[in-house]
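Participant: Next up is a structure, given as structure tokens.
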Amino acid sequence: MKISFIHTADLHLGKQFKFKHMRSPYGDFARESLFSIFGKMINTAKKNKIDFLLLSGDIFDTPQIGMQDLDRFVALLSRIPDTEVIILPGNHDFYQKYALYGLVDFPKNVHVFKNDSLEEFSFPEKKTRIFGLAWTKDTYREFPFSGRVDLREEDNNIIMLHGDATHSSSEHMPINISDFDYFDYVALGHIHQHQFLTKRIAYCGAPQPFSFKDSGNFGMIVGQLEKHRLETHFIVTQTQKFITLDIDVTPDMTIDDIKESCLETAGETNYDNNLYRFVLTGYAKANMNLNLLDDILADHFYYVETDTSRIQPDWDIEKILASNKDNVIGHFIKTIGTDPKDPVSKKALYYGLEGLMMQNGGET
Ligand SMILES: [Mn+2]
33 MKISFIHTAD LHLGKQFKFK HMRSPYGDFA RESLFSIFGK MINTAKKNKI
83 DFLLLSGDIF DTPQIGMQDL DRFVALLSRI PDTEVIILPG NHDFYQKYAL
133 YGLVDFPKNV HVFKNDSLEE FSFPEKKTRI FGLAWTKDTY REFPFSGRVD
183 LREEDNNIIM LHGDATHSSS EHMPINISDF DYFDYVALGH IHQHQFLTKR
233 IAYCGAPQPF SFKDSGNFGM IVGQLEKHRL ETHFIVTQTQ KFITLDIDVT
283 PDMTIDDIKE SCLETAGETN YDNNLYRFVL TGYAKANMNL NLLDDILADH
333 FYYVETDTSR IQPDWDIEKI LASNKDNVIG HFIKTIGTDP KDPVSKKALY
383 YGLEGLMMQN GGET
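Structural data, given as structure tokens:
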């Protein structure tokens, strides 16, 4: 029998986002976007009469989630009564009797794994068995099941797992994927970057990037299974991108030149909802106030921040030495040398000078 499924995980509903610019509404928007993406997945399931919605853990960011978020979640799931929804609690939303999933009376199309031993939901009319193993605490140094599941040839056999298949020493439930390669499909959760470990074993990834560390595409996996023949597609669902761009700064640039370079590097892209970070490297005029840059760029982006921590002030060392011969600044320059060749000494000279100039108000 042919079945279809949507595989998603790591939505982290309810997540509190932290941005450099805390005054902003960006965190609220990002938080709300997770619900809106989940709503779109529900619509997709309904429209395409998807048989199974597989939620492979970390659907919520924490077990201490507000009732409002929980109610929204349940209401969305009750809109697809013909889709069987399977919830596998992960490390962020591990199963407890008196929190989160334990508090809810789910509609009858929703099935929740509740134990950290292997369980199964069986759907004889769809000739499908779905296995899984829930988290019931926040750390597992070993995978809590060994052995082989007795499968029937005539069934579609799926297993859902939440854990780390990339590090065998992980505290987040290390998974040895070769232990599960006899299933038709292994629906993994935990790692936010989607990846197919084999044709049949996949992390669907998070549906939305969460920070500037998240590059690449974010989405869900849609699949069909019939007589052990598996077909899968990765569908992009993200509504935001975190974009990090490097900017070279040279001493001849004014702050407006730096702004132009940022805009040029970003290109004529669609700025809607995308978050930009510019990482500046090189040497800037010693008296330039780079703190203004975030405000100067703000009009041009939905969200923008700059990292200027790698910028070095371009000082005329000879000139500083000449006007500070007899004080601690002059002594410092003479000790390191006016033009040290190795990068560590050069750094020491610039950082040291910066500190000394601020403390002593040295002459430039
Ligand atoms: Mn996780």
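Note that the numbering used here has the sequence shown beginning at 33, numbered continuously upward.
Heads up, the beta-carbon is just placed ideally off N, CA and C, and yes, glycines get one too.
Taking 8 Å as the threshold (C-beta atoms), are G221 and P206 in contact?
Facilitator: Going by C-beta atoms, P206 is not nearer than 8 Å to G221.
Participant: I want to check one thing, is the minimum distance from the CB of H226 to the heavy atoms of ligand 1 below 7 Å?
Facilitator: No, the beta carbon of H226 sits no closer than 7 Å to any heavy atom of ligand 1.
Participant: Can the beta-carbon of I91 be found less than 8 Å from the beta-carbon of L135?
Facilitator: Going by C-beta atoms, I91 is not nearer than 8 Å to L135.
Participant: For L150, report the span of its beta strand (DSSP E) as first-last.
Facilitator: No beta strand (DSSP E) holds L150; DSSP gives it neither H nor E.
Participant: Quick check on the contact list: which residues have their beta carbon closer than 5 Å to a heavy atom of ligand 1?
Facilitator: Counting every residue whose Cβ lies closer than 5 Å to a heavy atom of ligand 1, we get D90, G122, N123 and H222.
Participant: Which residue comes first and which comes last in the alpha helix (DSSP H) that contains F61?
Facilitator: Note, F61: alpha helix (DSSP H), Y58 to K79.
Participant: Alpha carbon to alpha carbon, how far is D101 from S65?
Facilitator: Their Cα atoms are separated by approximately 13 Å.
Participant: Does DSSP put I343 in a helix, a strand or coil?
Facilitator: Correct three-state label for I343: strand.
Participant: Using 8 Å for Cβ pairs, my map puts D148 next to P176. What's the rounded Cβ distance?
Facilitator: About 5 Å; that satisfies the 8 Å criterion.
Participant: Look at the alpha carbon of K159 and the alpha carbon of T171, and state the distance between them as a whole number of angstroms.
Facilitator: Approximately 34 Å between the Cα atoms of the pair.
Participant: How far does the beta strand (DSSP E) with T276 in it extend, from its first residue to its last?
Facilitator: F274 to V281 is the span of the beta strand (DSSP E), which, as asked, contains T276.
Participant: Quick check: the region 334-354 against the region 317-325, are at least 3 beta-carbon pairs closer than 8 Å?
Facilitator: Segments in contact, yes.
Participant: When the Cβ atoms of the region 258-271 are set against those of the region 230-248, are three or more pairs found closer than 8 Å?
Facilitator: Yes: the two stretches touch, three or more of their Cβ pairs being nearer than 8 Å.
Participant: Name the one or two DSSP bridge partners that P206 has.
Facilitator: Paired residues: D196.
Participant: Between the Cα of T370 and the Cα atoms of S178, G387 and I352, which residue gives the shortest distance?
Facilitator: Among S178, G387 and I352, the Cα nearest to that of T370 is on I352.
Participant: How far does the beta strand (DSSP E) with H39 in it reach, from first residue to last?
Facilitator: I35 to T40 is the extent of the beta strand (DSSP E) around H39.
Participant: Along the chain, where does the alpha helix (DSSP H) that runs through I253 open and close?
Facilitator: Segment G251 to E258 is the beta strand (DSSP E) holding I253; no alpha helix (DSSP H) there.
Participant: At 3 residues or longer, and completely inside the region 207-253: list those beta strand (DSSP E) runs for me, N to C.
Facilitator: Here the runs fully enclosed are 217-221 and 233-235.
Participant: Kindly list the residues whose CB is nearer than 6 Å to the CB of L183, restricted to its own chain and excluding five residues on each side of it in sequence; keep chain order.
Facilitator: N189, listed in sequence order.
Participant: Buried or exposed: which applies to N123, given that a residue is buried once 16 or more other Cβ atoms fall within 10 Å of its Cβ?
Facilitator: Classification of N123: buried, given that the 10 Å Cβ count is 16 or more.
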